[in-house]
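Read through the structure below, which is laid out as structure tokens, and then see the notes.
Numbering (my numbering), first residue to last: 10 to 278.
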């Protein structure tokens, strides 16, 4: 299918892009490009880089060219998002560049691949995203003033997201409080935020192994996660050995229904 001449609409930014300082995605129906500065807000509570914090940038850049293929009266939603990591993102203020390309599209959605590189051109993460077209009115973006204030004060990814560990016990998982600042243009929690929260919750299950590094995250989005209610993320150890661990994380809404599943893989560094 030839899609080289498809023009994409202007990128619609919300509070999530303001929080992570993701630049508006540019491109067309074949590819997308964006960038994001790094800083201490991308670190975990130990001061180490949180690899899942790249989820918003990857979700945006891979979703953009597929959205350009939407039929009239429709929008695109991510149903699967997979990231493979090769190294930690820097925290020094340098810029990460992201690009994507469409792999395939059909009448119900599409698949795109993407990569994120540092200023030296080294690959930090590779990703794929599968999206579906859903009937929806054309959304509009907005950024509230408190987004900028929380951005200026955040010293970790936990603070940036406004998240907290449940029952004061890291191994019990993570909870996101309701916040319009975390929503996509459709009013649901952004897929990249859900991926990031899943990685944080998954890491809490291997917290005793300080040298475990996240190497991949495979997300599925089975139900919308409204930004008007809390979302909890519960980790379950599938396997934990001396050099390798697999954690499954389930995100649930206020009524206990599953919204997301994630398989987070760790390797000893």
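Even for Gly, the Cβ is constructed at its ideal location relative to N, Cα and C.
Residue from the options whose Cα sits closest to the Cα of residue i
i	options	result
residue 248	275, 235, 263	275
residue 259	124, 228, 32	228
residue 94	235, 63, 37, 251	63
residue 112	212, 193, 38, 270	38
residue 191	20, 19, 26	26
residue 106	116, 133, 120	133
residue 61	271, 214, 269, 204	204
Outcome for residue i when other beta-carbon atoms lying within 10 angstroms are tallied against a minimum of 16
i	result
residue 162	exposed
residue 278	exposed
residue 1	As shown, the chain starts at 10 and ends at 278. That puts residue 1 outside it, with no answer to give.
residue 199	buried
residue 238	exposed
residue 208	buried
residue 16	exposed
residue 264	exposed
residue 212	buried
residue 173	exposed
residue 98	buried
residue 68	buried
Cβ separation of residue i and residue j, assumed to be a contact under 8 Å, to the nearest whole Å
i	j	result
residue 46	residue 104	6 Å
residue 140	residue 86	6 Å
residue 109	residue 76	So it is not a contact: roughly 11 Å between Cβ atoms.
Beta-bridge partners of residue i, as assigned by DSSP
i	result
residue 84	143
residue 235	197
residue 58	52
residue 108	42, 124
*asked:* Closer than 8 Å is the cut-off here; do at least three beta carbon pairs connect the region 83-93 with the region 42-54?
replied: As far as the Cβ criterion goes, the region 83-93 does not touch the region 42-54, which means the pair count is below three.
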